[in-house]
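In our numbering, the protein residues as written are 1 to 691.
For every residue, glycine included, the Cβ atom is placed at its ideal position computed from N, Cα and C.
All values derive from a computational prediction rather than experimental measurement.
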């Protein structure tokens with residue numbers, strides 16, 4: 001695998017849906033010699049979109065990984081989805097990468113999902129290079145796109161290239177470091193290009209932009225600052241060094257421009273990945289902790305000679321056994337080795353190691369720190385688990401995923417399919433951390449939950465086509481939650497007297513709402529024991545917690561989980577003979593049910609952030625429709641001959657909206673949504689749901 005860590009780049013391509021990131025990836029594979037024929041998304045031949053559903057829909061659903069060479073370096077590349085329903089794929093990919101390329105549509109600039117993936121990248125402090133794509137598109141506006149990166153993402157873009165033309169007249173780029181014009185030969189698929197003098201009509205703009213570029217870069221390099229202050233000519237090597245320093249410090253985001261579809265600008269983007277994005281050695285030391293004590297930190301250095309530490313970030317089902325994707329942070333992993341899953345406290349075997357190229361595999365004997373590989377042989381491991389040397393256990397920070405917002409009932413068409421369905425759902429659950437399923441004992445149906453209608457549709461397709469399960473499905477339903485408005489206390493007593501030992505459990509619990517700093521309800525519940533062992537013995541406290549938390553999962557209004565509650569055990573009593581774990585668990589459940597009734601329980605619904613792009617002629621109709629759906633419009637702006645509407649709308653009102661907006665706008669309107677928050681359901685609507 002990688003012998004020189006300084007020449008390795010682990011990067012992801014991230015963007016809003018339809019910004020062209022998979023086309024960018026296909027061009028990268030071609031120019032680096034990884035493929036000999038360019039795949040096209042619109043033809044369903046893209047190498048990285050290898051799933052049947054991806055080819056049929058023309059979108060990326062699952063992140064695909066590959067490794068390609070460029071200028072004596074190796075690039076581990078992950079192409080991530082743009083659709084919000086598959087945000088978990090982006091989350092787990094960015095967690096293990098060292099840098100990212102953010103792709104933007106040159107005619108749209110920063111869009112709704114661009115902001116989401118940018119926030120995900122910021123969360124992991126990933127240095128980023130920006131690529132303004134589709135400059136050949138009608139309405140492409142380079143300056144607008146750069147301004148939107150600065151204003152909407154609160155980034156600090158540093159322009160390193162200017163486009164020559166836009167729309168149909170886009171034909172090349174100006175390299176502001178070398179001060180040369182680059183024209184790509186479309187008939188040779190951009191593999192050949194010509195460098196010339198900058199066209200006279202663009203010389204002044206290029207010199208002005210270059211001066212701004214050096215001014216921004218000089219803040220990160222003393223030598224360049226001295227050159228800039230004394231108005232001397234700057235060497236290109238020094239400029240690149242300064243830009244690299246600023247990029248690695250996450251204080252600069254280099255901006256490149258091109259059109260992947262027209263084969264313009266991708267090679268220069270590859271150069272930027274090598275020049276400005278970090279190698280594993282450039283990233284800060286990752287801090288793990290002792291498995292038995294989170295307060296004892298253990299540094300995990302990117303050192304092939306250290307003890308092996310890796311993170312499992314993705315699992316895919318396969319006929320030959322599940323494939324586990326690992327990022328190796330320290331040490332060396334060999335095939336046939338025995339490892340420890342710290343999270344499960346289980347010993348596991350690594351039977352084979354693969355270097356991945358989309359769906360193709362190349363067998364390797366070993367992999368070292370900095371590598372991203374796939375392995376088979378693991379059995380107990382789940383996404384986010386740490387795999388390490390059994391002699392030196394260390395736990396890495398796991399991966400946090402968003403909560404599901406939509407439900408759908410499914411059931412097997414025949415009783416013979418029951419066991420098959422259970423196995424298939426277990427496989428999907430293991431592969432997808434944002435997929436949940438539970439059995440409803442009242443209706444006898446299985447309820448599956450996901451991130452959106454498209455997510456559930458794809459999961460349904462997997463069950464039928466890939467897993468071969470014949471199922472009946474219900475209509476999608478919103479995943480409501482319950483919350484409390486005030487604090488309350490309640491007593492729970494579980495006493496049963498039989499012939500021998502009886503059952504005795506007695507607790508007093510207090511419930512109170514947990515709110516975030518901005519006044520919203522928290523998603524998680526907390527438990528605290530403020531009682532001495534003379535009231536409730538210490539060994540029964542975990543049972544009280546389990547009983548309380550299980551009861552919060554059932555709700556009090558309409559059976560939906562209660563969120564944002566702190567439960568405190570404040571008093572109780574026990575019997576030296578009759579007390580048991582079961583008794584205290586039941587007592588806690590009784591107390592929670594009573595406390596919730598007195599705590600002003602309310603129903604919460606998921607609210608989505610929506611961005612609709614519609615023709616000006618249809619603006620009034622679309623705006624009126626959103627208001628009728630209880631939408632709150634936060635902003636409107638003109639973009640070319642289209643209107644962009646930003647709003648927040650309850651998810652329950654948005655089922656089937658794709659057909660509605662197409663109908664109202666004669667097929668010209670589009671929209672994107674992402675989960676925003678949970679908010680209180682209006683009382684008159686809540687009454688209908690609770691009934």
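The way I'd put it, the stretch 336-353 doesn't touch the stretch 410-428; fewer than three beta-carbon pairs between them come closer than 8 Å. Listed as beta-bridge partners of residue 70 by DSSP are 73. Contact check for residue 7 against residue 76 fails: the beta carbons are separated by 8 Å or more. For residue 568, there is no enclosing alpha helix (DSSP H); the enclosing beta strand (DSSP E) covers residues 565-573. Nearest in C-alpha terms to residue 646, of all of 290, 672, 657, 658, is 672. Residue environment: residue 336 is assigned as exposed (fewer than 16 neighbouring CB atoms within 10 Å of its CB, all protein chains considered).
Across the structure, residue 26 and residue 161 are spaced so that their CA atoms are roughly 22 Å apart. In the structure shown, the three-state DSSP call for residue 412 is strand. Contact annotation, residue 184 with residue 264: C-beta distance approximately 5 Å; criterion of less than 8 Å satisfied. Distance between residue 104 and residue 118, taken at the CA atoms: about 11 Å. Membership of residue 598 in the alpha helix (DSSP H) is indicated by the continuous run 581-598. Per DSSP, reduced to three states, the secondary structure at residue 314 is strand. For residue 477, the secondary structure class from DSSP, reduced to helix, strand or coil, is strand. Sequence-distant Cβ neighbours of residue 555 in its own chain, meaning closer than 7 Å and more than five residues away, are 482, 561, 562. Cα atoms of residue 236 and residue 173: separation of roughly 18 Å, rounded to the nearest angstrom. Under the three-pair Cβ rule at 8 Å, the stretch 270-279 does not count as touching the stretch 350-365.
Take residue 380, set aside five residues on each side of it, and the residues of its chain with a beta-carbon closer than 7 Å to its own are 341, 344, 346, 348, in chain order. Of the candidates 578, 486, 332, the residue whose Cα lies closest to the Cα of residue 599 is 486. A straight-line Cα-Cα distance of about 6 Å links residue 572 and residue 536. The beta carbon of residue 399 is closer than 7 Å to those of 91, 92, 95, 313, 383, 384 in its chain, skipping five residues each way along the sequence. Going by C-alpha positions, residue 585 is about 46 Å away from residue 334. Out of 88, 502, 310, the CA that lies nearest to the CA of residue 452 is found in 88. Residue 538 is classed as exposed because its beta carbon has fewer than 16 other beta carbons within 10 Å across all chains shown. Counted as a single uninterrupted DSSP element, the beta strand (DSSP E) harbouring residue 333 occupies residues 332-334.
Scanning 659, 641, 595 for the CA closest to the CA of residue 625 turns up 659. Proximity of the stretch 466-482 to the stretch 604-618 meets the contact definition, three or more beta-carbon pairs being nearer than 8 Å. For residue 647, the enclosing beta strand (DSSP E) starts and ends at 642-650.
In the three-state reduction of the DSSP assignment, residue 620 falls in the helix class. Between residue 506 and residue 587, the CB-CB gap stays under 8 Å.
Residue environment: residue 465 is assigned as exposed (fewer than 16 neighbouring CB atoms within 10 Å of its CB, all protein chains considered). Two segments are said to touch when three or more pairs of C-beta atoms, one from each, lie closer than 8 Å; by this definition the stretch 398-414 does not touch the stretch 366-376.
When DSSP states are grouped into helix, strand and coil, residue 151 belongs to the helix group. When secondary structure is reduced to three states using DSSP, residue 263 falls in the coil class, being assigned neither helix nor strand. Non-local C-beta neighbours of residue 68 in its own chain, meaning closer than 8 Å and more than five positions away in sequence, comprise 28, 29, 32, 33, 34, 74, 75, 77, ordered along the chain. With fewer than 16 other beta carbons inside 10 angstroms of its own, residue 423 counts as exposed.
By the neighbour-count criterion, in which 16 or more other beta carbons inside 10 Å mark a residue as buried, residue 112 falls on the buried side.
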